[in-house]
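Under the numbering used here, the first residue of the sequence shown is numbered 6, with each subsequent residue one higher. For glycine and all other residues, C-beta sits at the position ideal for the given N, C-alpha and C. First the structure, in the form of structure tokens, and then the observations on it.
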Amino acid sequence: MEKKKEINLSKFELEVMKKLWKLGKASVREIQEEFLEGDRPAYTTIQTILNRLEEKQAVVRTKKIGNAFIFEPIISQKTICQTVVKTLLDLFGGSTKPLMAHLIETGNVTLDDIRYMEDNLMKIQNKEKS
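This is the structure in structure tokens:
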């Protein structure tokens, strides 16, 4: 089985990817217009980020319409999320316990979140028993 290449994205690269995942396929201008008007980056900034994402093999140019290239994601949001979570766990020594403790201490995890996780863990355990 071939091992997937891990792609690490900056926060802004991830924001651009989110817009592209939402659109499916898009030009630089279409991606730029997905940002709120007050926070909209320059066209050339989006273009530079897409070029970097292409170098990282996260996107591909699928066609050209006039002077505009159309970009499409070639890596899934799920794959990127797995990489981000793995990187985060590595910061905590590979263990979820210190990470969960930190999330609880900082108020980023609520009792409802924990109940949701417990319910999902129970469902997984029940499937494994079946």
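Taking DSSP's pairing of strands, which residues face SER100 in a bridge? Paired residue(s): none; SER100 is not in a bridge.
Return the bridge partner residues of PRO78 from the DSSP annotation. PRO78 is bridged to VAL64.
In this structure, what does DSSP give as the bridge partners for SER32? ILE75
Please name the residue in GLY98, ASN131, GLN62, ASP95 whose C-alpha comes closest to that of LEU14. GLN62
Below 7 angstroms CB to CB, which residues in the same chain sit around LEU108 once its five sequence neighbours on both sides are set aside? VAL114
Can you tell me the Cα-Cα spacing of LYS68 and THR53, whole angstroms? 18 angstroms
Nearest CA to the CA of LEU94: which residue from LEU104, VAL33, ILE85? LEU104
Determine, using beta carbons only, whether LEU55 and PHE76 come nearer to each other than 8 angstroms. yes
GLN37 versus TYR48 - alpha carbon distance: 6 angstroms
First and last residue of the uninterrupted alpha helix (DSSP H) at ILE125: The sequence as given places Asn at residue 125; Ile does not occur at that position. It spans 116 to 134 - the alpha helix (DSSP H) in which ASN125 sits, taken as one unbroken run.
Are PRO78 and MET22 closer than 8 angstroms when you measure CB to CB? yes
By Cβ distance below 7 angstroms, which residues in the same chain neighbour PRO46 in space, the five residues on each side in sequence not counted? GLN37, PHE40
Look at THR101 and GLU11 and say whether their C-beta atoms are less than 8 angstroms apart. no
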